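A.B. asks:
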Amino acid sequence: GILEKRFGTRHPDLPRMLNGLALQLHEVGEMSEARTRFVASLQLSNEIFGPNHPDSALTWFNLASLEMDEKRLVEAMDGYMRTAALSIAAGRPETLWTALSGMREVSVRMNERDAAIFYGKLAVNVLQDLRRNVSALGDAASKSFLGGEKTYAYRALADLLIEAGRISEAQQVLAMLKEEEYFEFIRRDENGRKSPSRAGFGVIEQDKADRYSAAGRRLELAYSPYARLRAVAPADAPAVRLAELDKARLV
4 GILEKRFGTR
14 HPDLPRMLNG
24 LALQLHEVGE
34 MSEARTRFVA
44 SLQLSNEIFG
54 PNHPDSALTW
64 FNLASLEMDE
74 KRLVEAMDGY
84 MRTAALSIAA
94 GRPETLWTAL
104 SGMREVSVRM
114 NERDAAIFYG
124 KLAVNVLQDL
134 RRNVSALGDA
144 ASKSFLGGEK
154 TYAYRALADL
164 LIEAGRISEA
174 QQVLAMLKEE
184 EYFEFIRRDE
194 NGRKSPSRAG
204 FGVIEQDKAD
214 RYSAAGRRLE
224 LAYSPYARLR
234 AVAPADAPAV
244 RLAELDKARL
254 V
């Protein structure tokens, strides 16, 4: 393609540029061409940076969104789950909550309402953790943090809870969005700082949440040393050590 001819087939910026081109093609409805570019971006990232590089998370998310538009729900869920896994492993909550929201939407379309609520709660709790960090910047920053897609994540979860007759849980989620009630719901931690509340889980959901957290910790342990070694010395790293890390990487 034009990009490959201009920058070479292994330029480190090429995966990102292919992802950007694919996004543009998606926006104008060229779905087949967009999918081809997304896949090419992922394949090239794999060749240049090694398997499951964290920067590929955004491309997986964009590909999943395309699959959603094409009503290919299984493929969309796979893409969002890969995005979530990479985001957990790389410690990137900004892409994690969007992936979890995507998983919520896929579950809704699959008519799996309990799963949709679970993923919705996970997404909101990631956002609440982000709000906790933003709160350190002051009340103004805390109040302005939510908007657009972030706000929709809360409202979509509340709608699902209302449909399921879980009114008190829906009220808790909606309260997090309201300025005056938000400050009633926040609690103070041991250092006296304001900290946003989190969406609670039922007994069955809590078991899933515990397993989700455990899986996330395993991903971090498996991926972090692998990512560091690949990034710092992709060509000169000891072959034996790389082989060991390859066994532990995300699949």
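Everything in the sequence shown is counted per this note's numbering, starting at 4 for the first residue and increasing by one.
The C-beta atom is built at its ideal place from N, Cα and C for all residues, glycine as well.
Note that the structure is a prediction, hence the values are computed from the model and not measured.
1. Look at the alpha carbon of residue 161 and the alpha carbon of residue 127, and state the distance between them as a whole number of angstroms.
2. Between residue 48 and the rest of its own chain, which residues show a CB-CB distance below 8 angstroms, the 5 nearest in sequence each way excluded?
3. Take the Cβ of residue 168 as the centre, count every other Cβ of all protein chains shown within 10 Å, and call the residue buried at 16 or more, exposed below.
4. For residue 28, does the three-state DSSP call read helix, strand or coil?
5. Taking only the alpha-carbon atoms, compute the straight-line gap between residue 179 and residue 64 and give it to the nearest angstrom.
6. Quick one, are the C-beta atoms of residue 132 and residue 96 less than 8 angstroms apart?
7. By Cβ distance, which residues of its chain are closer than 8 angstroms to residue 241, with the 5 residues on each side in sequence left out?
8. Considering just the uninterrupted stretch of the alpha helix (DSSP H) at residue 88, what are its terminal residues?
9. For residue 104, count neighbouring C-beta atoms within 10 Å of its own C-beta (all shown protein chains included) and say buried if the count is 16 or more, exposed if not.
10. Since residue 259 contacts residue 109 with CB under 8 angstroms, what's their CB separation in whole angstroms?
11. Buried or exposed, going by whether 16 or more other CB atoms sit within 10 Å of the CB of residue 35?
12. Where residue 101 and residue 175 are concerned, what is the direct C-alpha to C-alpha distance, given to the nearest angstrom?
13. What is the rounded straight-line gap between the Cα of residue 31 and the Cα of residue 24?
14. Just confirm the distance between the C-beta atoms of residue 69 and residue 38, as a whole number of angstroms; I'd bet it's less than 8 angstroms.
15. Excluding five sequence neighbours on each side, which residues of the same chain lie with their C-beta closer than 7 angstroms to the C-beta of residue 80?
16. In three-state DSSP terms, what is residue 117?
17. Closest by CA to residue 276, which one among 45, 171, 123, 22?
C.D. replies: Here's the rundown:
1. 10 angstroms
2. 18, 56, 58, 59, 62
3. exposed
4. helix
5. 26 angstroms
6. yes
7. Its pLDDT being 42, under 50, residue 241 is placed unreliably in this model, and the value from its coordinates should be taken loosely. The answer is none, since no qualifying residue turns up.
8. 76 to 93
9. buried
10. Residue numbering for the chain in the displayed model covers 4 to 254; residue 259 lies beyond these limits and cannot be assessed.
11. exposed
12. 21 angstroms
13. 11 angstroms
14. 6 angstroms
15. 106, 109
16. helix
17. Past the boundaries of the shown model lies residue 276; the chain is included only from 4 to 254, so the question cannot be answered.
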